[in-house]
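Note sheet for the following structure.
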Amino acid sequence: LLNRAFPDNLSKSELAILVERSHGKLSTDDLAWADSLAERFEPLREELGIVELWNRNTEVVGAKLTSRPNKSGQATVVLLQLRNEFIATDNIRVLDRVDEVLSEAKFEGEMPEGLRVGITGAAAVGGDMLRSAAASIDNTELATIVLVVAILLIVYRAPLLVLLPLVTIGISLVVATDLLT
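Following the working numbering, the numbering of the sequence shown begins with 8 at its first residue and continues without gaps.
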């Protein structure tokens, strides 16, 4: 339905970079630093798959990307509309690259004191989910290997005899992988 309603919209997910001052209004230096973030991402459009880049200076929607100051502070958003789907594995790379650009901006761009920066959006959630799944798989793999070796040691009670099934498993894995490819 979205594709029929908005056929020209190529964006599939987004990364929102939030720049916030939690106690008080964003100063002109804060807003200038947030604007510099948009400038840093502009040359990375192709690399990151950015379809559109919005910030507070974008026509029509720009005014909506900065909150009104209140007792909780004030925030502005730099929005990266991406080609990637929410759960695309490439979002891990994109998220890592965005983190890298933000780290550079914090040090090189002399981020104003007391300013906080965060990342959110569908692509960030998808990338974090995929990172967590990969870490979980790595942990499960390691635990499985340790348990298999421990069980083989208990069953065979001789370290050299443990090598026989492990070598057999290794050879069958290599042969099966080669046959599949």
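Just so you know, even glycine gets a beta-carbon here, dropped at the ideal spot from N, CA and C. Remember, it's a predicted structure, so these values are computed and weren't measured experimentally.
How far does the alpha helix (DSSP H) with residue i in it reach, from first residue to last?
i, result
"SER139", "129-163"
"LYS113", "97-115"
"PHE93", "Premise fails: PHE93 is in no alpha helix (DSSP H) and is neither H nor E."
"ASP185", "166-187"
"SER43", "35-48"
Using the beta-carbon count (16 or more within 10 Å), is residue i buried or exposed?
i, result
"THR184", "exposed"
"ALA131", "buried"
"PHE48", "buried"
"LEU87", "buried"
"ALA169", "In the sequence under discussion, the amino acid at residue 169 is Val, which differs from the Ala named in the question. With 16 or more Cβ atoms within 10 Å of its Cβ, VAL169 is classed as buried."
"ARG164", "exposed"
"ASN146", "exposed"
"GLU148", "exposed"
"GLY56", "buried"
"ALA129", "buried"
"GLU27", "buried"
"VAL68", "exposed"
"SER20", "buried"
"ARG11", "exposed"
"LEU102", "buried"
"ILE158", "exposed"
"ILE126", "buried"
Looking only at DSSP bridge pairs, what is residue i linked to?
i, result
"GLU59", "GLN88"
"VAL124", "VAL26"
"ASN77", "GLY80"
Between which two residues does the beta strand (DSSP E) harbouring residue i extend?
i, result
"GLU21", "20-28"
Excluding the 5 residues preceding and the 5 following residue i in the sequence, name in chain order all residues of the same chain whose CB lies nearer than 8 Å to its CB.
i, result
"THR65", "LEU72"
"LEU160", "PRO166 and VAL169"
"MET136", "ILE94"
"MET118", "TRP40, ALA112 and VAL124"
Ordered along the chain, which non-local residues of its own chain (more than five positions away) have a Cβ less than 7 Å from that of residue i?
i, result
"LYS32", "PRO76 and GLN81"
For residue i, which residues from the same chain have a beta carbon less than 6 Å from its beta carbon, with the 5 sequence-adjacent residues on both sides left out?
i, result
"GLU59", "GLN88"
"GLY133", "PHE93, ILE94 and ASN98"
Worksheet item: Three or more beta-carbon pairs under 8 Å between the segment 44-61 and the segment 138-154, yes or no?
Response: no
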